[in-house]
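Participant: Attaching a single structure in structure tokens format; questions to follow.
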Amino acid sequence: MRKQLLKKIIGSYGWVVLWLMAVPNVMAITYPLADTCQHPDPPVITGSAKFICRNESVVLTATGCTGTVIWSNGDTGNTITIKPQQTTKYTAICRAKPGCISCFADVWKVTVNTPAAPTVTASSKLICPNESVTLTASNCKGTVRWINQDGSEQDTGAVWKGNLLETTTFRATCEQNNCTSNPSIPVSVQVAIPNAPVITADKQEVCAGQVVQLRASGCVGIVRWMDGVEGPFRTVNPSTTINYKALCQVGSCRSDSSQAVSVTVQSIEQKLNLLTTLTNKCPFQTADLSKAITAGNVSGLRYEFKTGPSIAALAVQSPGAVVAGTYYIFGRNTDGCYTEPTAITVSITPCQNAIPPCLSNPAAVAIQLDSLDWTKGVVQLKAQLSGSATSPIWQNEGGGLFTNTGLSARYLLSESDRQRGTTTFTLSVADPDGTGPCTSASVQQTVKAPSREIVGLSKKVGEPVWVVNGKDRLVELTYQLVVANMGQNELKQIQVVDNLDVAFTSLGAKIQSINVQADNGLIVNAAYTGRGADTTLISNGSLPVGGHARVLLTVRLDVSQASTLTFSNIASIQAVDSNGGLCRDRSTNGVEADPDQNGNPADNDEPTVVVLHSLQSEETETVFIPEGFSPNGDGINDRFVIQRVPAGVTVQLDIYNRWGNLVYQNLNYANDWDGTANQGIKTTDAKQGLPDGTYYYQIRLSDGREFVRFLTLAR
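What follows is the structure, encoded as structure tokens:
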């Protein structure tokens, strides 16, 4: 048997021997050990089954060992009964005496055919009474069975569609290979009319033309304002006292109108002392409106020239060269408040050898970008005319559509505009006198697609930690969430939501306590419980371009009554970009929000899953030994840490590879093993570390207790 094993090792790993002989920077360091061990042959494993459903039992038997059989799950004895929750490989060793062990036995693989729970999504999370909703169950290659709220099964099929009269929670199972999955994470569809948003204004008394910031909060859908504008944030500059209202729309369901917020527009109780009539001076055929301002007016006023008696009227293009007509002058103080307008009448006297207005005041044009929504494909522009320019003409060669022109233009992007990422506008005015001395004017402006603001969220769970609370044995799970700003501008009003009811309570686990810590820049919601309405983990915060911020969420659970020991958790995030728009993401498992590096974290949303293989036994409740660690330098699980060792008790740690060779030993272990060898054959580069794989450990405590088991080293 030993010769056969030796041939097998040489046949499979002969290249390792050749490499060790050929590479000059590898040297054999032999530690002198007094070894009187006659390594026993590995046991032979047989089992009652290789394919089962979850929660079914399998009996494994190891023969050929005259010593103690130690299984990879930590059990000892020739026969064990297991109930794996997922596909698991089992091996064992034969221990003749402490430190004298066999090679690993051939693996017995138990395949758990129970499929993963399907992922259920709803076409809408909030609908009106008797409105239709569609539920889709994905990630199931078998038969999807929908579960009623009372636990009974109802329809089958990947899609459920119907009308709801009351709030309903949906779950589904997947049946495949005669095995049924756990129920899916519950998805609740709320049947109710959305709540009306709450409107607030940063100022409720302003002067005409001053800017007011409006905000609508409390809407989970789309905010629609009374004038048709959409979005939770607005900037307005009212010219008269006005009331602002909005409603909330979710799908086709609309809330009642919000309570009105009134913004009062005040004016200066003052009349300007101006000349009310003006005329030209030959040879010019224009007049200068600034000549109407006399020395008797209050200092500190700024003057604005309008074509009408309202501050909303168009500004005079060239106040220094106007033709005959009536114009209006407003005064404005340092607070931004306007005076009452004063009308100025301009008359033009004909002149001999007169200079045409278009020559003394030539036409000039400019383009102002009013608003841009590249997602909806809408560009709004304003024409700025001066001099003798009139009747603007808009052009664009991108193939889009102008829905209105004039001083204000609205343009719908074409597909070629979108693909190119830019579109160019031309604004022109005609030659006012044909063959005369005056000329036309034109200008071009290119509008680019705005940089996309991106927020990403990743989530990783650490090793479960079992704790004792009186007679109860609880488990602590620590989640690390990392928020990433992957866009081109600062993100504000960051909110992170994590629903622990969905992750744990719905599966029978009881949440005993939670603890939240967050990096600077993120504000933890003091009311967070993860249950009911209090699922907002981070209530506010900001993050600079390229910035990352970490949140640590520790949940202590009682899983003694849970229907499963597999728990799936996913969080969501939203933030406000520099344009007031919302960007969102759902967490993906790991430490990278965009693991496929395609620039779009939104297409990565793998749930973070933790499997608790069993409740801890009485003998281990005061000492926690992890099942593995990952010494890759990321700051998480980089050391093999043994927890809750009683004070004054020392630990001896021995690590063996799969061939029974001692590769690491520490007689007074201090939780500092990083996966490198200090026994047997090793390289000159001690930082290279042992290869990933399964290892056998033997832990002896100075109080007489001993633990033998397997661990996984995975970087």
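For reference, each letter of the sequence shown is one residue, going 1 to 715 in the UniProt record's numbering.
All residues carry an ideal CB built from backbone N, CA and C; glycine is no exception.
Rounded to the nearest angstrom, what separates isoleucine 367 and glutamine 488 at their Cα positions?
Facilitator: In the sequence shown, residue 367 corresponds to position 367, counting from 1. In the sequence shown, residue 488 corresponds to position 488, counting from 1. Rounded to the nearest angstrom, the two C-alpha atoms are 25 angstroms apart.
Participant: Using a Cβ distance threshold of 8 angstroms, determine whether the region 240-259 contacts the region 273-284, with at least three qualifying pairs required.
Facilitator: Touching, no.
Participant: Name the DSSP beta bridge partners of glutamine 665, please?
Facilitator: By 1-based counting over the sequence shown, the position of residue 665 is 665. DSSP lists Asp654 as partners of glutamine 665.
Participant: Hey, valine 120 and valine 187 are a contact pair by Cβ (cut 8 angstroms); roughly how many whole angstroms apart?
Facilitator: Within the sequence shown, numbered from 1, the residue matching residue 120 stands at position 120. Within the sequence shown, numbered from 1, the residue matching residue 187 stands at position 187. That pair is a contact at about 5 angstroms.
Participant: Which same chain residues end up closer than 6 angstroms to alanine 105 when comparing Cβ atoms and leaving out the 5 residues on each side of it in sequence?
Facilitator: Taking the first residue of the sequence shown as position 1, residue 105 is located at position 105. For alanine 105, where only same-chain residues beyond five positions count, the Cβ hits under 6 angstroms are Pro42, Pro43, Ile45, Thr91, Ala92.
Participant: Can you give the beta carbon distance from asparagine 243 to serine 262, rounded, assuming they're within the 8 angstroms contact cut?
Facilitator: In the sequence shown, counting from the first residue as 1, residue 243 sits at position 243. In the sequence shown, counting from the first residue as 1, residue 262 sits at position 262. About 5 angstroms; that satisfies the 8 angstroms criterion.
Participant: Specify the secondary structure class of tyrosine 695 as computed by DSSP and reduced to three states.
Facilitator: Mapped onto the sequence shown, residue 695 falls at position 695. Reduced to three states, the DSSP call for tyrosine 695 is strand.
Participant: Name the residue from Tyr656, Glu166, Pro464, Gly599 whose alpha carbon lies nearest to the alpha carbon of alanine 484.
Facilitator: Numbered from its first residue, the sequence shown carries residue 484 at position 484. Answer by Cα proximity: Gly599.
Participant: Looking at the structure shown, is valine 502 part of a helix, part of a strand, or coil, going by DSSP?
Facilitator: By 1-based counting over the sequence shown, the position of residue 502 is 502. If DSSP states are grouped into helix, strand and coil, valine 502 belongs with the helices.
Participant: For the beta strand (DSSP E) that contains glutamate 706, what are its first and last residues?
Facilitator: Residue 706 sits at position 706 when you count from the first residue of the sequence shown. Unbroken beta strand (DSSP E) run through glutamate 706: 706-713.
Participant: Would you report the Cα separation of valine 576 and glycine 541, rounded to the nearest angstrom?
Facilitator: Taking the first residue of the sequence shown as position 1, residue 576 is located at position 576. Taking the first residue of the sequence shown as position 1, residue 541 is located at position 541. The straight-line gap from Cα to Cα measures roughly 10 angstroms.
Participant: Could you check whether leucine 690 and phenylalanine 629 sit closer than 8 angstroms to each other, using their CB atoms as the reference points?
Facilitator: As a position in the sequence shown, residue 629 is number 629, starting the count at 1. As a position in the sequence shown, residue 690 is number 690, starting the count at 1. No, these two residues do not count as a Cβ contact at 8 angstroms.
Participant: Per DSSP, cysteine 351 forms a beta bridge with which residues?
Facilitator: Numbered from its first residue, the sequence shown carries residue 351 at position 351. DSSP, once it has assigned bridges, lists no residue as partnering cysteine 351.
Participant: Just to check my reading of the structure: valine 591 and lysine 460 have Cβ atoms closer than 8 angstroms, yes? What is that Cβ distance to the nearest angstrom?
Facilitator: Your numbering for residue 591 matches position 591 in the sequence shown. Your numbering for residue 460 matches position 460 in the sequence shown. That belief holds up - the Cβ atoms of valine 591 and lysine 460 are roughly 5 angstroms apart, short of 8 angstroms.
Participant: How should valine 545 be labelled, buried or exposed, when 16 other C-beta atoms within 10 angstroms of its C-beta is the threshold for buried?
Facilitator: Numbered from its first residue, the sequence shown carries residue 545 at position 545. Exposed, because fewer than 16 other Cβ atoms sit within 10 Å of the Cβ of valine 545.
Participant: Beta-carbon separation of isoleucine 583 and isoleucine 454 under 8 angstroms?
Facilitator: Within the sequence shown, residue 583 is the residue found at index 583, counting from 1. Within the sequence shown, residue 454 is the residue found at index 454, counting from 1. Note on residue identity: the sequence assigns cysteine, not isoleucine, to residue 583. It is a contact, given that the beta carbons lie within the stated cut-off.
Participant: Residues in its own chain within less than 8 angstroms of tryptophan 673 by CB, not counting five upstream and five downstream?
Facilitator: Here residue 673 is taken as the residue at index 673 of the sequence shown, counted from 1. Hits under 8 angstroms: Arg639, Phe640, Leu653, Ile655, Tyr664, Asn666.
Participant: Please state whether DSSP places leucine 289 in a helix, a strand or coil.
Facilitator: Taking the first residue of the sequence shown as 1, we reach residue 289 at position 289. It is helical.
Participant: Hey, how far is the Cα of isoleucine 300 from the Cα of proline 341?
Facilitator: Here the question's residue 300 lines up with position 300 in the sequence shown. Here the question's residue 341 lines up with position 341 in the sequence shown. What sits at residue 300 in the sequence shown is glycine, not isoleucine. Going by the C-alpha atoms only, they are around 17 angstroms apart.
Participant: When you compare the region 228-237 with the region 136-147, are there three or more beta-carbon pairs, one atom per stretch, that lie closer than 8 angstroms?
Facilitator: The answer is no - the region 136-147 does not touch the region 228-237, with fewer than three Cβ pairs under 8 angstroms.
Participant: Mapping DSSP to helix, strand and coil, what is alanine 122?
Facilitator: The sequence position of residue 122 within the sequence shown is 122, counting from 1. In the structure shown, alanine 122 sits in a strand (DSSP, three-state: E or B).
Participant: Taking all protein chains shown into account, decide if serine 563 is buried (16 or more other Cβ within 10 angstroms of its Cβ) or exposed.
Facilitator: Sequence index remark: in the sequence shown, residue 563 carries index 563 (1-based). Flag for serine 563 reads exposed.
Participant: What residue range is occupied by the uninterrupted alpha helix (DSSP H) comprising serine 360?
Facilitator: Locating residue 360 in the sequence shown gives position 360, where the first residue counts as 1. Where serine 360 is concerned, the enclosing alpha helix (DSSP H) stretches over 357-360.
Participant: Using alpha carbons as the reference points, say which of Val516, Cys179, Leu164 lies closest to threonine 536.
Facilitator: If you number the sequence shown from 1, residue 536 lands on position 536. The residue with the shortest Cα to Cα distance from threonine 536 is Val516.
Participant: The alpha helix (DSSP H) that contains glutamate 415, what's its start and end?
Facilitator: On the sequence shown, residue 415 is found 415 positions in, with the first residue counted as 1. Its alpha helix (DSSP H) spans residues 415-420.
Participant: So which of Trp146, Gly162, Asp288, Leu165 has the shortest CA-CA distance to glutamate 175?
Facilitator: Sequence index remark: in the sequence shown, residue 175 carries index 175 (1-based). Ranking Trp146, Gly162, Asp288, Leu165 by Cα distance to glutamate 175 puts Trp146 first.
Participant: Going by the CB atoms, is the gap between serine 440 and aspartate 431 shorter than 8 angstroms?
Facilitator: Taking the first residue of the sequence shown as 1, we reach residue 431 at position 431. Taking the first residue of the sequence shown as 1, we reach residue 440 at position 440. Going by C-beta atoms, aspartate 431 is nearer than 8 angstroms to serine 440.
Participant: Taking DSSP as the reference, what is the three-state secondary structure of aspartate 596?
Facilitator: The count along the sequence shown starts at 1 and reaches residue 596 at position 596. Three-state result, aspartate 596: coil.
Participant: Is it true that the CB of threonine 307 sits closer than 8 angstroms to the CB of valine 316?
Facilitator: Residue mapping note: residue 316 aligns to position 316 of the sequence shown, counting from 1. Residue mapping note: residue 307 aligns to position 307 of the sequence shown, counting from 1. Yes, the Cβ-Cβ distance between valine 316 and threonine 307 is below 8 angstroms.
Participant: Shortest alpha-carbon distance to threonine 435 belongs to which of Ala364, Lys376, Asn113, Cys358?
Facilitator: Locating residue 435 in the sequence shown gives position 435, where the first residue counts as 1. Checking every option, the nearest Cα to that of threonine 435 belongs to Cys358.
Participant: Hey, would you say threonine 264 sits closer than 8 angstroms to glutamine 204, going by beta carbons?
Facilitator: For the purposes of this step, residue 264 is taken as the residue at position 264 of the sequence shown. For the purposes of this step, residue 204 is taken as the residue at position 204 of the sequence shown. Yes; because the gap between Cβ atoms is below 8 angstroms, this pair is in contact.
Participant: Note the first and the last residue of the continuous beta strand (DSSP E) segment covering histidine 548.
Facilitator: Counted from its first residue, the sequence shown places residue 548 at position 548. Segment 548-558, the beta strand (DSSP E) holding histidine 548.
Participant: Buried or exposed for arginine 709, going by 16 or more other Cβ atoms inside 10 Å?
Facilitator: The residue given as residue 709 occupies position 709 in the sequence shown. Under this definition arginine 709 is a buried residue.
Participant: Short of 8 angstroms in beta carbon distance, which residues of its chain neighbour glutamine 352, apart from the five on each side in sequence? Order them along the chain.
Facilitator: Against the sequence shown, residue 352 aligns to sequence position 352. Same-chain partners within the cutoff: Cys282, Pro283.
Participant: With the cut-off set at 8 angstroms, would you say cysteine 103 and glycine 660 are in Cβ contact?
Facilitator: Here residue 103 corresponds to residue number 103 of the sequence shown, with the count starting at 1. Here residue 660 corresponds to residue number 660 of the sequence shown, with the count starting at 1. In contact: cysteine 103 and glycine 660 (Cβ atoms closer than 8 angstroms).
Participant: In chain order, what residues of the same chain have a beta carbon less than 7 angstroms from the beta carbon of serine 391, not counting five sequence neighbours either side?
Facilitator: Along the sequence shown, one-based indexing puts residue 391 at 391. If we look at serine 391 and ignore the five residues flanking it on each side, its Cβ neighbours are Val429, Ala430.
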